[in-house]
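Notes for the one structure printed next.
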Amino acid sequence: MLEGLVNKLAQTPWSIGLHESLYMYAITESTHVICIMLFVGTIAMVDLRLLGISYTNVPVSQMLSRMLPWTIVGFVLLLITGAMLFLAIPIRTYHSLWFRLKCLMILIAAVNIAVFTFKVERDKATWDLGRVPRNSKICAVISLSAWASVIVFGRLIAYNWFDCDSINSPAMAGITGCPLDP
Numbered sequence: 024m025l026e027g028l029v030n031k032l033a034q035t036p037w038s039i040g041l042h043e044s045l046y047m048y049a050i051t052e053s054t055h056v057i058c059i060m061l062f063v064g065t066i067a068m069v070d071l072r073l074l075g076i077s078y079t080n081v082p083v084s085q086m087l088s089r090m091l092p093w094t095i096v097g098f099v100l101l102l103i104t105g106a107m108l109f110l111a112i113p114i115r116t117y118h119s120l121w122f123r124l125k126c127l128m129i130l131i132a133a134v135n136i137a138v139f140t141f142k143v144e145r146d147k148a149t150w151d152l153g154r155v156p157r158n159s160k161i162c163a164v165i166s167l168s169a170w171a172s173v174i175v176f177g178r179l180i181a182y183n184w185f186d187c188d189s190i191n192s193p194a195m196a197g198i199t200g201c202p203l204d205p
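Take a look at the structure:
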């Protein structure tokens, strides 16, 4: 079902136009990278504060309130440019092992954000300038690791090591959803 949708998406004028455009794909990809710097950069600043590595004289609540608007802007722009990059080459991207790993790490990062926001952060006023609880530090390490992995896996999508035309292993075909030639 999902593969059929991806195949139909590849035939749309938007997909074909974006893929065949002389400049638009490069502009979109460059914008995506700049947005990664904004999004992950602001997250890293907060995570480093939670770990007590930097900005230790800034209250956590103040750090969060200052960074969150920029993080949201980066996230929205990442969603738009990421969707455009997927739209440009949906079939290849859908079958990419790196894309699937990137999606998994985004899911892990999202769960981590939810845990931090709805469970850990609730009592941040009590540890604003004092000792940051262990749970916050664990969330910060998970966050830094997950977003670093998203960046690495995202970059690896550009390489064709696991493209469908180079896969001849049933195990890899199963993971990527690539059909094996009989």
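Note that the numbering used here has the sequence shown beginning at 24, numbered continuously upward. All C-beta atoms in this analysis are idealised placements derived from N, C-alpha and C, irrespective of residue type, glycine included.
Alpha-carbon spacing of Leu32 relative to Tyr78, whole angstroms: Translated into positions along the sequence shown, residue 32 becomes position 9. Translated into positions along the sequence shown, residue 78 becomes position 55. Rounded to the nearest angstrom, the two C-alpha atoms are 45 Å apart.
Neighbourhood of Gly64 by C-beta, 6 Å cutoff - its chain only, sequence neighbours within 5 removed: Position 41 of the sequence shown, counting from 1, holds the residue named residue 64. Correct list: empty, nothing qualifies.
Touch test, the segment 157 to 166 against the segment 73 to 90, Cβ-Cβ under 8 Å, three pairs minimum: yes
Three-state secondary structure assigned by DSSP to Trp121: Counting from one through the sequence shown, the residue named residue 121 turns up at place 98. In the structure shown, Trp121 sits in a helix (DSSP, three-state: H, G or I).
Delimiting residues of the alpha helix (DSSP H) encompassing Thr94: Here residue 94 refers to the residue found at position 71 when the sequence shown is read from its first residue. Looking at the DSSP string, the run of the alpha helix (DSSP H) that includes Thr94 is 83 to 111.
The segment 174 to 182 in contact with the segment 107 to 122 per 3-pair CB rule at 8 Å: yes
Given Met47 as reference, the closest of Ser189, Thr104, Met68, Ile66 once Cα atoms are compared: Residue mapping note: residue 47 aligns to position 24 of the sequence shown, counting from 1. Among Ser189, Thr104, Met68, Ile66, the Cα nearest to that of Met47 is on Thr104.
Touching by the beta-carbon criterion (3+ pairs, under 8 Å), the segment 124 to 137 and the segment 95 to 104: no
8 Å Cβ cutoff met for Val69 and Leu87: Position 46 of the sequence shown, counting from 1, holds the residue named residue 69. Position 64 of the sequence shown, counting from 1, holds the residue named residue 87. Contact flag set, yes.
From Val29, Leu120, Pro82, Ser38, residue whose alpha carbon lies closest to that of Gly153: Mapped onto the sequence shown, residue 153 falls at position 130. Comparing Cα-Cα distances from Gly153 to each of Val29, Leu120, Pro82, Ser38, the minimum goes to Pro82.
Proximal residues to Ile174 (C-beta, below 8 Å), its chain only, five neighbours per side dropped: As a first step, residue 174 must be located in the sequence shown, where it is residue number 151. Closer than 8 Å at the Cβ level, and outside the excluded window around Ile174, lie Ile59, Val63.
Host alpha helix (DSSP H) of Ile59 (start-end): Residue 59 sits at position 36 when you count from the first residue of the sequence shown. Residues 47 to 73.
Among Lys147, Ile66, Gly40, nearest to Pro92 - alpha-carbon criterion: As a working note, residue 92 is residue 69 in the sequence shown. Of Lys147, Ile66, Gly40, the residue nearest in Cα terms is Ile66.
Cutoff 8 Å; reference Leu25; Cβ partners in own chain excluding five residues on either side: Here the question's residue 25 lines up with position 2 in the sequence shown. Closer than 8 Å at Cβ, skipping near neighbours: Tyr117.
Beta-carbon proximity list for Ile271, same chain, < 6 Å, skipping 5 on both sides: This structure leaves residue 271 out entirely; the chain is present only between 24 and 205.
Proximity to Ser84 [Cα-Cα], best of Val138, Val155, Ile57, Thr35: On the sequence shown, residue 84 is found 61 positions in, with the first residue counted as 1. For Ser84, the nearest C-alpha among the options comes from Val155.
Three-state secondary structure assigned by DSSP to Gly197: On the sequence shown, position 174 is the one that residue 197 refers to. Reduced to three states, the DSSP call for Gly197 is helix.
DSSP-derived helix/strand/coil call for Thr79: Here residue 79 refers to the residue found at position 56 when the sequence shown is read from its first residue. In this structure, Thr79 counts as coil in the three-state DSSP scheme.
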